[in-house]
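> By the working numbering, the letter at position 38 of the sequence shown is numbered 124, and the numbering carries on one by one without gaps. C-beta: ideal position from N, C-alpha, C; glycine also. Here the structure is a predicted model, which means the values were calculated and not measured. The following block contains the structure, expressed as structure tokens.
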Amino acid sequence: MLKPLSRRELIRQLKNLGFRGPFSGGKHEYMERDGLNITIPNPHKKDISGKLVQIIFKQIK
């Protein structure tokens with residue numbers, strides 16, 4: 087399992103992988119790359135759990 091990340095760090099890592107954004111849309115912001123949209127959770131000043139980070143990175147592959 088991956089370690090928990092802050093929202094800011096997750097966005098930084100996704101930008102390093104070529105994603106653009108975050109863009110607002112609906113209840114959550116999202117980032118996009120080549121037609122793939124990834125929803126960015128907003129944990130309200132808490133870290134994003136390692137399990138959720140793992141799920142997000144699985145969506146990318």
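1) Can you find a CB in chain B that lies within less than 9 Å of the CB of N102?
2) Measure from the alpha carbon of Y116 to the alpha carbon of each residue in K131, I97, P129, then state which is nearest.
3) Rounded to whole angstroms, what's the CA-CA distance from V139 to L100? Just pull it up for me.
4) To the nearest angstrom, report how far apart M133 and I142 are at their CA atoms.
5) Would you mind working out which of K147, S110, L88, M87 sits nearest N128, comparing C-alpha positions?
The structure says:
1) In the displayed structure, chain B is absent; only one protein chain is listed.
2) I97
3) 11 Å
4) The sequence given here has Asp at residue 133, not Met. If you take the alpha carbons of D133 and I142, they lie about 14 Å apart.
5) S110
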